[in-house]
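First up is the structure itself, then whatever we jot down about it.
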Amino acid sequence: MAARSRRAWFGVLLGLVLGFTLASRLILPKAAELAKANPGGGGCAGLRAAAAAAAAAASNAGGAPWQQSSDDASSSSNARSSSFLFVGVMTAQKYLNSRAVAAHRTWARSIPGRVEFFSSEGSDAAATGVPVVALSGVDDSYPPQKKSFMMLKYMHDHYLERFEWFMRADDDVYVKGERLESFLRGLNSSAPVFLGQTGMGARDELGKLALEPGQNFCMGGPGVVMSREVLRRVAPHLRRCLRQMHTAHEDVEVGRCVRRFAGVQCVWSYEMQQLFHENYEPNKRGFIRELRDSKIHRAITLHPNKSPPHQYRLHSYLLSQKVAALRQRSVRLHRELLLAARPGTSGATREDRRLGAPPSFTRFRPGRRSDVTEWDFLSARHIFTAWDGQPPRRGTDAAQRRALDDVVMQVMEMINANAKTRGRVIDFKEIQYGYRRVDPLHGAEYVLDLLLLYKKHKGKSVTVPVRRHAYLQQSFSRAHFCEERPTDAAELAVRADRSSPSFLSLDSLKMLAPFLPGRGDGPSPPPPLPADEKVNVLVPLAGRYETFARFMANVERVCLIPRQNVKLVVLLFGDDNATERVRQAETNFWVLCRQVELLRRYHIKYPRAELEIKALGGSFSRALALEVGAARFPNASLLFFCDVDLLFTADFLQRCRANAVAGRFAYFPVVFSQYDPLVAYGGRAPDDLYTLTSEAGLWRNFGFGVVCARKGDLLGAGGLDTSIRGWGLEDVDLYDKFVRSGAAAPFRSVDPGIVHVHHAVTCDSRLEPKQYKMCLGSRAASRGSAHRLAKLWLDRNQGASVHANVSLRTA
């Protein structure tokens, strides 16, 4: 036993000695090398250095379109990348000072290797700095068959062993060098590979290109890529192929030569049509219109772009997308810093806390009602805003459409990130509606209701329309200051057509979960949009039978006939005697007043509808009525505080369901309030009660009485103040409670689906001074637009002035 114990202790000591020896010889030198390479240290310091580098790269990338970023400069000096790809660009003497210069100053600098321009014998562009190869015995005649074949021969003779890949391109193509390199890195350059957009000829050329069934060629316009092995096999036979032409198309003949002597042809793949993109517009004016297109983003090459200014514009746009990506990376690094910092330490700076905060609609907590940023409402063609000086409804301008298209495009790219491997694709169809606002501290925010098409192509094909909510936030990155230089009119026109880059951070994607990478697949079961959740409508009422009849007609049209999942609770105030009778005969209280009789008829007509009346005594108190009504429901119930003067649509009910999120949001829609018909329409009734114009009414910014909220959030905020009697103030008090309590953030936006019909406002002088002042202000604001009131005043006073002048002259 003693000997065994000594051997065990000896083994432990030997292990310790060997461990220290290996650490001193292997691990410590490596740590020293890492410390020299990274003097900023690891952990938070390393992340902070990476964030600073990303921000600096974004600043550099925002320079002039032809300037090379620091990342591009370092990658071009890398030995591995410099010997990766050779691009031969076919051009002509007349384009050396225009198209060739534009290509050389834009995309050519991102190529991981070398780019040379091939022109006719005697061509020279030394003054422009463009590397030109003047091919002996070649002219600029069209079609450029000899030029194409001699260019391939030149590549073989001078660069075969130096580069892995070779590309034939036109001077009117745009090539994304980084994407092309990333794509080719996944392929074997030692194998015979021939890539491009597969072609078989135009419709009128079918059967005339000497192609056998199953044969094709790579179209020359979007660019053709071949491996070193293909060039090695085909180069000795190029002159023979040049002497045996069957057509006038040089790309067809190059493909025929490759197929004959290299044993391969252009890859049959639908994906190649997306990567090597050809613009098939009839006029083929190039990429001069809207650049925010998923096709442009997915493509590796874009053809044609024959105008140099448009080539610079395309390059500038793609650089702006790179800047946006770098800014997004810097924001993510700040978030990682915030997560890595220990609580109570100085590991996270103020900038880390500001930029690294996770995306959320409630990052900014307003302390006062005036600090709340309201949302604009978006539809497919219009924007509805309550800003002062803006019309209630207006068409979306070009900049707003570009911004919205950019947001939708980024969302769809996220959704379809793994579409190929999962055998399905989600297509965008339209925006049903949405909200937008700009948080001045954090960024632009969107809530979009999207109509999508789910297309399954793996297995049994399925196409299903789906409707989903997306909660999005475009986070601000670090502020960047730059000095503007004087620009000419042409550049100003280009800038006016280009909006600033942006990127998204997704706040809540539970509605899009089935379509995101790593989540469920297919539209079944769909995410639970609250389309069938019950909305409990609470309506305080005292008298006003005609108004109540109009309200019930709207409820019938919107809720009862379509069988909406709605429960209506009418909180009825009456005189003490009527209320006493109701209490004494509860089983037959439907016939005790006109309102009850009207509601009874609807109950008979729609026996399955949930219609209820609750009689209350005493003087009218909206706060008391709503508190009594809310007390009848459990905490998870969705409550809609409504007024008898309101008309609403089914779309509003859906937004009420979607925007009142338990523990997160209480929906306070900004209601459109109609002006007095005597002023707005000369006494006649409006043709459409949902007419939203500056002459028909105004957004009731000062009104907070219409609320969609959960019962639990209402209790968490403190509920309604039942001591407030008479007109107004109870809604303002409730809104302030939501702002201060934080139980649920007030989601406030204009809503075109709910309208306040005009009625006469009587302000009782016995009200509290604050209530009386608010009542007078509301009555004045609802009279008519300032433009209409001024016109009426001028018409009356000018008429009186003319009458007075006539009287004086007669006297």
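Following the numbering used here, the numbering of the sequence shown begins with 123 at its first residue and continues without gaps.
Ideal Cβ placement from N, Cα and C applies to all residues, glycine included.
A straight line joining the alpha-carbon of V569 with that of R516 spans about 19 Å. Under the three-state reduction of DSSP output, M341 falls in the coil class, being neither helix nor strand.
DSSP lists no beta-bridge partner residue for Y276. Taking L574 as reference, the option from R559, V530 and K582 with the minimal CA-CA separation is V530. Across the structure, S583 and K577 are spaced so that their CA atoms are roughly 7 Å apart. By the 16-neighbour rule on beta-carbons within 10 angstroms, H368 is exposed.
According to DSSP, residue pairing for S597 in a beta bridge involves G565. Note that the segment 757-766 touches the segment 833-841; at least 3 beta-carbon pairs, one per stretch, sit closer than 8 Å. Remark: three or more beta-carbon pairs, one from each stretch, lie closer than 8 Å, so the segment 417-427 and the segment 289-298 are flagged as touching. In this structure, V657 sits near R779, with a CB-CB distance shorter than 8 Å. Within the segment 844-870, the complete alpha helix (DSSP H) runs of at least 4 residues fall at 852-863. In terms of CA proximity to G581, R546 leads the group V560, Q554 and R546.
Ranked by Cα distance from L811, the first of V861, L769 and Y789 is L769. Between the beta-carbon of D498 and that of F506 there is about 7 Å, and that keeps the pair under the 8 Å contact cut. Fewer than three beta-carbon pairs drawn from the segment 241-261 and the segment 300-312 are found closer than 8 Å, and the two stretches are therefore not classed as touching.
Inter-segment contact for the segment 374-389 and the segment 349-358 is present: three or more beta-carbon pairs are separated by less than 8 Å. In the structure shown, K551 adopts extended strand secondary structure according to DSSP, grouped into three states. Closest option to R307, judged by alpha-carbon separation, among R777, R744, F239 and V347: V347.
Taking 8 Å as the cut-off, the beta carbon of F860 is found closer than this to the beta carbon of A839. A residue is called buried when at least 16 other Cβ atoms come within 10 angstroms of its Cβ; S242 meets this threshold and is buried.
With fewer than 16 other beta carbons inside 10 angstroms of its own, Y392 counts as exposed. Assigned with DSSP and collapsed to three states, Q532 falls in helix. Under DSSP, the beta-bridge partners assigned to R546 are K578. R589 and D773 have their C-alpha atoms some 14 Å from each other. In this structure, the beta-carbon distance from V386 to V352 falls below 8 Å. Ranked by Cα distance from G345, the options R325, E372, L317 and L360 are led by L317. The C-beta distance from L460 to A470 rounds to 5 Å, short enough to meet the 8 Å contact threshold. For the 8 Å CB-CB criterion, F271 and L364 form a contact. Around the Cβ of G864, a 10 Å sphere holds fewer than 16 other Cβ atoms; the residue is exposed. Judged by beta-carbon spacing, Y797 lies within the 8 Å limit of H880, meaning their Cβ atoms are closer than that value. Three or more Cβ pairs closer than 8 Å define a contact, and the segment 488-502 falls short of that threshold against the segment 534-546. Taking a contact to require three or more Cβ pairs closer than 8 Å, the segment 215-223 and the segment 428-435 qualify as touching. Here the alpha carbons of S442 and I418 stand approximately 14 Å from one another.
Look at the beta carbons and you see the segment 680-690 touching the segment 731-744: at least three pairs across the two are nearer than 8 Å. For the pair S205 and D326, the Cα-to-Cα distance works out to about 42 Å. Pairing A753 with L761 gives a Cβ-Cβ distance that is not under 8 Å.
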